[in-house]
Amino acid sequence: MQESQDQATDEYARALGDAQTRLAQKEAELRKAAENHASEAEQLRCRVEQESRDTHQVEANALREQLAQLEKSVEQEKAQNQELQTEQEKLRAQRDDVSSQLQEVNRANSRLREQLTERGQEKDKLQQELEETRKTADKRKAMLDELAIDVAQEKSRHKEELSACGCSTRRRCWACGRAYEGAARPARGPELHRGGDPLTAP
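When we follow UniProt numbering, the leftmost residue of the sequence shown carries the number 1, and every step to the right adds one.
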């Protein structure tokens, strides 16, 4: 019985020793793994820091390049803005000049319109006067035509009257001649009779 217990104790001790040995080995392995992990972590940290520094350097270089490009762009924009301001000043000067010319043209057009209006009024007045003169001339022509007709009629009437008066005068003269011939015939005798009609004698 005692022997069996001792044997069990020895087995337990051996098992415990084996377990402790395995535990120690495991602890050693863990420590080594931890050390390795720590070393790897340190290496990784260093590498990360280096890469970070490198990355920061690259980023810094890129930022410096971008900054330089931005500064260059800013300078170019400043130059362009200066050119634009100069061009705007020129355009404003041209605009003011054109505005002045336009105002002068408008004033000239206004004066021209006034002159055209005055000339139009003068033209209308002259046309009105011409129309009145034409009407007056037409009236005078009508009056002259009527007067000419009256004169022609009066001349014709006078001519007829003169013709009638001439015939009457010739008849009176002939009658007087006949009376004279009748009175003178006893004294002159055949000579006066041979003379014929005194109105027809040569």
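Backbone N, C-alpha and C fix where the C-beta goes; we use that ideal spot for every residue, glycine too.
In angstroms, rounded to a whole number, what distance separates the CA positions of N61 and A93? Here the question's residue 61 lines up with position 61 in the sequence shown. Here the question's residue 93 lines up with position 93 in the sequence shown. Their backbone Cα atoms lie some 47 Å apart in a straight line.
Please report how far the alpha carbon of R111 lies from the alpha carbon of E104, in whole angstroms. For the purposes of this step, residue 111 is taken as the residue at position 111 of the sequence shown. For the purposes of this step, residue 104 is taken as the residue at position 104 of the sequence shown. Each residue's alpha carbon lies about 10 Å from the other.
Between the C-alpha atoms of S73 and A41, what's the straight-line distance to the nearest angstrom? Indexing the sequence shown from 1 puts residue 73 at position 73. Indexing the sequence shown from 1 puts residue 41 at position 41. So the two alpha carbons sit approximately 45 Å from each other.
Runs of alpha helix (DSSP H) lying entirely within the UniProt region "Disordered" (72 to 138), each at least 4 residues, in chain order: none
Does the beta-carbon of D145, which I'm using as the reference point, lie nearer than 8 Å to any heavy atom of the ligand GDP? As far as ligands go, the structure on display features none, and thus does not contain the ligand GDP.
How many Å lie between T133 and V98 at the Cα? Counted from its first residue, the sequence shown places residue 133 at position 133. Counted from its first residue, the sequence shown places residue 98 at position 98. Taking the straight line joining both Cα atoms gives about 50 Å.
From Q80 to R95, what distance separates their C-alpha atoms? Counted from its first residue, the sequence shown places residue 80 at position 80. Counted from its first residue, the sequence shown places residue 95 at position 95. Q80 and R95: Cα-Cα distance of roughly 21 Å.
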